[in-house]
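K.L.:
Read in order, the letters of the sequence shown are residues 236 to 374 in the working numbering. We treat Cβ as the ideally placed atom computed from N, Cα and C, and that holds for glycine. Here you go, one structure.
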Amino acid sequence: MGDLGLLAQELSDAVMAANTRLDSRFVQAMSNKDVEGAMACFIDSPDLVVLLYGKLLRGSAAVRQFLTEMFSSVRGVRLEINEVTHWSLGETVFAVGTATYEFEALDGTKSTLKECWTDARQKVAGRWVYVLDHATQIP
Numbered sequence: 236m237g238d239l240g241l242l243a244q245e246l247s248d249a250v251m252a253a254n255t256r257l258d259s260r261f262v263q264a265m266s267n268k269d270v271e272g273a274m275a276c277f278i279d280s281p282d283l284v285v286l287l288y289g290k291l292l293r294g295s296a297a298v299r300q301f302l303t304e305m306f307s308s309v310r311g312v313r314l315e316i317n318e319v320t321h322w323s324l325g326e327t328v329f330a331v332g333t334a335t336y337e338f339e340a341l342d343g344t345k346s347t348l349k350e351c352w353t354d355a356r357q358k359v360a361g362r363w364v365y366v367l368d369h370a371t372q373i374p
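Pasting the structure below:
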């Protein structure tokens, strides 16, 4: 984990397992082009903030619209989390990692996008959800 300061802590086994399941649900939803499954991984709130490759999305409605448009513009998506590190600060879990998206365009053309990302998660109404997500494309 490295030295993140005195306040940051490693996750308990239960919290780590819950956050690993959150990541798995998100990967599965994205790979299935499942808008509602992906949205279930985010807080349902106008306070949700997602920054993707320089584009700022505020609120659940904006993220849902982005995903709907993205999924309708491709035949297939495959997401893989390459690496991830989790830690907690108070009631918030932070994660930093890298991921790879493989896209198949409607015309069959394939492309790959690699990203590094940071997100914040909180337990809301009994389930862990992303409350902030920031991804940057990497070469």
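#1: What are the residues that DSSP puts in a beta bridge with Thr320?
#2: Whose CA, out of Ile373, Val309, Phe329, Leu348, lies closest to the CA of Asn254?
#3: Please state whether DSSP places Ser308 in a helix, a strand or coil.
#4: Suppose the cutoff is 6 angstroms on Cβ atoms and the five residues either side in sequence are ignored; what does the same chain contact list for Pro281 look like?
#5: So the candidates are Ala370, Gln372, His369, Tyr365; which of them puts its Cα closest to the Cα of Phe261?
#6: Residues in the same chain with beta-carbon distance under 6 angstroms from Ser346, minus the five sequence neighbours each way, listed in chain order, please.
#7: Per DSSP, what kind of secondary structure is Met236 in: helix, strand or coil?
#8: What's the C-alpha gap between Met236 and Ala275?
#9: Around the Cβ of Tyr288, are there at least 16 other Cβ atoms within 10 angstroms (buried) or fewer (exposed)?
#10: Measuring CB to CB, does Ala370 end up less than 9 angstroms from Leu286?
#11: Have a look at Asn267 and Arg362 and give me their C-alpha separation to the nearest angstrom.
#12: Taking only three categories from DSSP, how would you classify Ser346?
P.N.:
Well, looking at it:
#1: Per DSSP, the beta bridge partners of Thr320 are Val331.
#2: Looking at the Cα atoms, Phe329 is the closest of the given residues.
#3: Residue state, collapsed to three classes: coil.
#4: Gly294.
#5: Comparing Cα positions, the closest option is Tyr365.
#6: The beta carbon of Ser346 is closer than 6 angstroms to those of Phe338 in its chain, skipping five residues each way along the sequence.
#7: Because the pLDDT of Met236 is 48, which lies under 50, any placement of that residue in the model is unreliable, and the question is left without a value.
#8: Its pLDDT being 48, under 50, Met236 is placed unreliably in this model, and the value from its coordinates should be taken loosely. Roughly 28 angstroms between the two C-alpha positions.
#9: Tyr288 comes out exposed.
#10: Yes, the pair counts as a contact, with Cβ atoms nearer than the cut-off.
#11: Between the C-alpha atoms of Asn267 and Arg362 there is a straight-line separation of about 22 angstroms.
#12: For Ser346, the three-state secondary structure derived from DSSP is strand.
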